[in-house]
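A.B. asks:
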Amino acid sequence: MSRPLRIEYPEAWYHVLNRGRRKENIFFQDADHKLFFKLIGEASRLYKLEVHAYSLMPNHYHLLVHTPEGNLSKIMCYINGTYTQILNKKYQYEGSLFKGRYKSVLVEKDEYLLELVRYIHRNPLKAGLVKKLGMHQWTSHRAYMRKKERPEWLKVNQILSRFGRYEKTALKQMEEFVNDSVSIELEEKLDGIKCPSVLGGDDFKEKVKVLLKEKKIESQDVPEYKEYLEQIGVEELIDEVAREYNFQPSMIRKKREPKNVNLRRAIILVCREDLQRSSKEISVALGGINRSVITRQYVAACQDLKEQKGCYKDVKNVLRCVEKMNLKQQNKT
1 MSRPLRIEYP EAWYHVLNRG RRKENIFFQD ADHKLFFKLI GEASRLYKLE VHAYSLMPNH
61 YHLLVHTPEG NLSKIMCYIN GTYTQILNKK YQYEGSLFKG RYKSVLVEKD EYLLELVRYI
121 HRNPLKAGLV KKLGMHQWTS HRAYMRKKER PEWLKVNQIL SRFGRYEKTA LKQMEEFVND
181 SVSIELEEKL DGIKCPSVLG GDDFKEKVKV LLKEKKIESQ DVPEYKEYLE QIGVEELIDE
241 VAREYNFQPS MIRKKREPKN VNLRRAIILV CREDLQRSSK EISVALGGIN RSVITRQYVA
301 ACQDLKEQKG CYKDVKNVLR CVEKMNLKQQ NKT
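Numbering of the sequence shown is given in the UniProt record's numbering, commencing with residue 1 and proceeding in unit increments.
(1) Tell me whether TYR102 sits in a helix, a strand or coil according to DSSP, three-state version.
(2) Is it buried or exposed for residue 349, if we count other Cβ within 10 angstroms and need 16 for buried?
(3) Please report the distance separating the alpha-carbon of LYS205 from that of LYS89.
(4) Using 8 Å as the Cβ pair cut-off and three pairs as the minimum, do the stretch 62-78 and the stretch 10-21 touch?
(5) Near ARG291, what residues of its chain come up, given a Cβ to Cβ distance below 8 Å and the 5 sequence neighbours on each side ignored?
(6) Touching or not, the stretch 114-130 and the stretch 173-185, by the rule of three or more beta carbon pairs under 8 Å?
(7) Would the stretch 26-35 count as touching the stretch 118-126 if we require 3 or more Cβ pairs under 8 Å?
(8) Under the three-state reduction of DSSP, which class applies to ASN317: helix, strand or coil?
(9) Secondary structure at LEU35, three-state DSSP: helix, strand or coil?
(10) Report the rounded CA-to-CA distance for GLN92 versus ILE26, giving the unit in angstroms.
(11) For VAL107, list the residues DSSP reports as bridge partners.
(12) Per DSSP, which residues does HIS66 bridge with? Please list them.
(13) When you compare only the Cα positions, how much space is there between HIS52 and VAL198?
(14) Any idea if GLU273 is buried or exposed, counting beta-carbon neighbours within 10 angstroms, 16 or more meaning buried?
(15) Is DSSP giving LEU190 helix, strand or coil here?
(16) What is the DSSP secondary structure of GLY287, counted as helix, strand or coil?
(17) Between the beta-carbon of LYS23 and the beta-carbon of LYS99, is there less than 9 Å?
(18) Specify, as a first and last residue, the run of the alpha helix (DSSP H) that SER250 falls within.
(19) Touch check for the stretch 41-58 and the stretch 140-157: three-plus C-beta pairs under 8 Å?
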């Protein structure tokens, strides 16, 4: 099955969405919303994340974000991974909290920014959670309108400046704008099964194509490379990594081999983040490790990356193995 294209570069804007598995809730009480807010705040400090709009629904969330450092994957790995770990422990769950990896749509700022704010702010109204705009406590529309309720990490100036020079006037204009319906065209794009990877005009899409062609975007986001990533199996990657480290693949697959804990953790992270493999596939390839263990190791790997310790160096080595496997495939064609 085709997987969404990931496009990351400095100063990029995105609409980010993730849902609970089997449409189950991901927020159960106010404390969970506050925890998610806390993690966004931490990601803002650690990774320079900017959040300009949000809507936390019972079983999914929407974010409108700007990434000055072009590091969306690291940001979402930290937020989703840490949130899953804490909630699983709190409610004694096992496995993944979310349906899968987050969806992200690269956005042309000048063309779609305000439209996306309206789409996100109207989400609780559309879902029937509230009867009036701004009544939902966990949407940024309420935070925009009520200054005292704004999280310190919420950036409002970029949006408000498009409605007026002075905040009072801008808020009034924004309220009127959001009260209007979202365009049918935009709703069809964002609500459809095949959500676009890029949302913008022809010129913007052409710029993205040029970046891809010149490889100014991470290589795993280049379409030809992405196509092959979907063909790399977890077991094949383990075999390649074993050759790189000069030992038998069974040494990686052994559940109780303490010497290779960081390496297994790195493989889990790369398989989840870069190869987009499911916990089930990873579990089978690693000798039947429990899926809850896969999730814990994934979260631990995200933390290691943040602190540049543990499996940090192993992740780089595993990614080099992926690159090597890709080059071998290209030489065959």
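Just so it is clear, CB atoms sit at the ideal spot from N, CA and C, and this is done for glycine as well.
Nothing here was measured: the structure is a model prediction, and the numbers come from that model.
C.D. replies: So, to answer that:
(1) By one-based count along the sequence shown, residue 102 stands at place 102. DSSP places TYR102 in coil when its eight states are reduced to three.
(2) Outside the displayed span of the chain (1 to 333) sits residue 349, for which this structure offers no information.
(3) In the sequence shown, counting from the first residue as 1, residue 205 sits at position 205. In the sequence shown, counting from the first residue as 1, residue 89 sits at position 89. Answer to the nearest angstrom: the Cα atoms are 43 Å apart.
(4) yes
(5) Counting from 1 along the sequence shown, the entry for residue 291 is found at position 291. Same-chain partners within the cutoff: GLU94, GLY95, SER96, SER279, LYS280, SER283.
(6) yes
(7) no
(8) Taking the first residue of the sequence shown as 1, we reach residue 317 at position 317. Helix at ASN317.
(9) Taking the first residue of the sequence shown as position 1, residue 35 is located at position 35. Three-state result, LEU35: helix.
(10) Here residue 92 corresponds to residue number 92 of the sequence shown, with the count starting at 1. Here residue 26 corresponds to residue number 26 of the sequence shown, with the count starting at 1. Looking at the two C-alpha atoms, the distance is approximately 14 Å.
(11) Working through the sequence shown from its first residue, we reach residue 107 at position 107. Beta-bridge pairing links VAL107 to TRP13, LEU199.
(12) For this step, residue 66 is matched to residue 66 along the sequence shown. Looking at the DSSP assignment, HIS66 forms a beta bridge with TRP13, GLU50.
(13) As a working mapping, residue 52 is identified with position 52 in the sequence shown. As a working mapping, residue 198 is identified with position 198 in the sequence shown. HIS52 and VAL198: Cα-Cα distance of roughly 18 Å.
(14) Translated into positions along the sequence shown, residue 273 becomes position 273. It counts as buried.
(15) Taking the first residue of the sequence shown as position 1, residue 190 is located at position 190. In the structure shown, LEU190 sits in a helix (DSSP, three-state: H, G or I).
(16) On the sequence shown, residue 287 is found 287 positions in, with the first residue counted as 1. Coil, per DSSP.
(17) Reading the sequence shown from its first residue, position 23 is the one you call residue 23. Reading the sequence shown from its first residue, position 99 is the one you call residue 99. Closer than 9 Å, so yes.
(18) Stepping through the sequence shown from its first residue, residue 250 is reached at position 250. Residues 250-253.
(19) yes
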